[in-house]
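Each residue of the sequence shown is one higher than the last, beginning at 8 in the working numbering.
Since the structure comes first, as C-alpha cells, the remarks are kept for the end.
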Amino acid sequence: SDVVASELMTILWRKVAFNQPLSSIDIFGALITQRMLGWYTQDLSKLTLSGQIQRAERGELPYPIYSAITTKEVPYGWVEFTPHEIGGEYLGAFIPSYALGTPFSGGYSMSLDPETPLSFLMGTWGSAYSINFEFMVKELAGGLAPILKDLLSATVSFDQIGRVRLWPSKVANFTRGIPDAPRGAQEYLTLIDAGIEFNLPLPPLLRKDRGIDIIIALDNSQDIAQ
8 SDVVASELMT ILWRKVAFNQ PLSSIDIFGA LITQRMLGWY TQDLSKLTLS
58 GQIQRAERGE LPYPIYSAIT TKEVPYGWVE FTPHEIGGEY LGAFIPSYAL
108 GTPFSGGYSM SLDPETPLSF LMGTWGSAYS INFEFMVKEL AGGLAPILKD
158 LLSATVSFDQ IGRVRLWPSK VANFTRGIPD APRGAQEYLT LIDAGIEFNL
208 PLPPLLRKDR GIDIIIALDN SQDIAQ
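Next up, the structure:
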C-alpha cells in the first residue's frame with residue numbers, strides 16, 4: 008500500500024540523513040513487520056525495541072530476548088537484544104537499546120542518532136540474510152506501492168542478481184576503539200540470523216548473571232535441505 012511505501016521511504020531517508028548503511032534488511036524488515044504487526048499500527052518507523060520496556064516491566068508478557076550473530080569468523084559471536092540493552096558477552100559490551108546505530112568510539116557515543124526501527128531488527132533476527140531479492144519480491148512485496156514493486160521486480164529479473172544474497176544487516180560498531188574488544192577495530196558490525204548457526208537461541212540464557220535454573224526448549228524447526 009501507499010502507507011507502507013511512505014513508511015519505508017521515511018526509514019530509508021532517515022538512515023541516509025544520519026549516514027547509516029542501507030541494506031536489503033531495511034526493505035525486508037519493513038515488509039515482514041507490516042505483515043506481522045500491520046494490525047497494530049501502520050507507523051512502522053515509530054515501532055522501537057525500547058518501546059517494549061513499559062510492558063516488560065509491568066510483566067504483561069514474558070520478557071523478550073532476541074538474538075543475532077556476528078559474521079566473519081567461526082564460532083560466531085552471539086548478540087542479544089532486549090528492550091533494555093543490546094550486546095553480548097563475546098563482544099564484551101552492552102549499550103542501551105535506543106543507542107543501536109549510533110557511532111561509538113572507546114565506549115562513548117559520538118552523536119545522538121534516532122533509535123533503530125523495530126522493523127530493521129525484525130529483519131535482522133528473522134532469516135533475512137538467508138533469503139534473496141527474488142524471494143523477497145515474490146513472497147513479501149504485496150503491500151508495496153506499484154512503482155517500488157516494479158523497480159524491485161526489474162532488479163530481480165536478472166537471474167544472477169535475483170538469486171544473490173545482498174547487503175546483510177550492518178550497524179555502527181558500539182565496541183569500536185575499546186581495548187581488547189574482539190571487534191574493536193571494525194567500523195561496523197555485520198549481523199545475521201542466529202539460526203544460521205543453530206535454531207535454539209540458548210546462548211543468551213546462559214549468562215551467569217541471569218541465574219537461570221531450568222531451561223525448557225521447544226524445538227519446532229522444520230528441516231531444511233542443505
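Note that the Cβ used here is the ideal one computed from N, Cα and C, for glycine as well.
Alpha carbon to alpha carbon, how far is E14 from D50? Give it in angstroms, no decimals. 7 Å
Just confirm the distance between the C-beta atoms of Y105 and E122, as a whole number of angstroms; I'd bet it's less than 8 Å. 4 Å
For I222, report the span of its beta strand (DSSP E) as first-last. Here I222 belongs to no beta strand (DSSP E), and DSSP marks it neither H nor E.
Around the C-beta of Q27, are 16 or more other C-beta atoms found within 10 angstroms, so that it is buried, or is it exposed? buried
Alpha-carbon spacing of G94 relative to T48, whole angstroms: 28 Å
Hey, out of H91, R190 and P189, whose CA is closest to G7's CA? As displayed, the chain neither begins before 8 nor continues past 233, which places residue 7 out of reach and without an answer.
Could you check whether L198 and V23 sit closer than 8 Å to each other, using their CB atoms as the reference points? no
A234 (DSSP reduced to helix, strand or coil): Residue 234 lies beyond the residue range present for the chain, which begins at 8 and ends at 233; the question has no answer from this structure.
In whole angstroms, what is the alpha-carbon distance linking A188 and I76? 16 Å
Measure the CB-CB distance between F127 and D33 and report whether it falls below 8 Å. yes
Burial state of V171, where buried means 16 or more other Cβ atoms lie within 10 Å: Since pLDDT at V171 reaches only 45, below the 50 mark, its modelled position is unreliable, and the value read off the structure follows with that caveat. V171 comes out exposed.
Helix or strand or just coil, what does DSSP make of W85? strand
Taking the beta carbon of K177 as the centre, do at least 16 other beta carbons fall within 10 Å, making it buried, or is it exposed? buried
Nearest CA to the CA of T89: which residue from E64, G99, L44 and S52? E64
Use the C-beta contact count for I222: other C-beta atoms within 10 angstroms, 16 or more gives buried, fewer gives exposed. exposed
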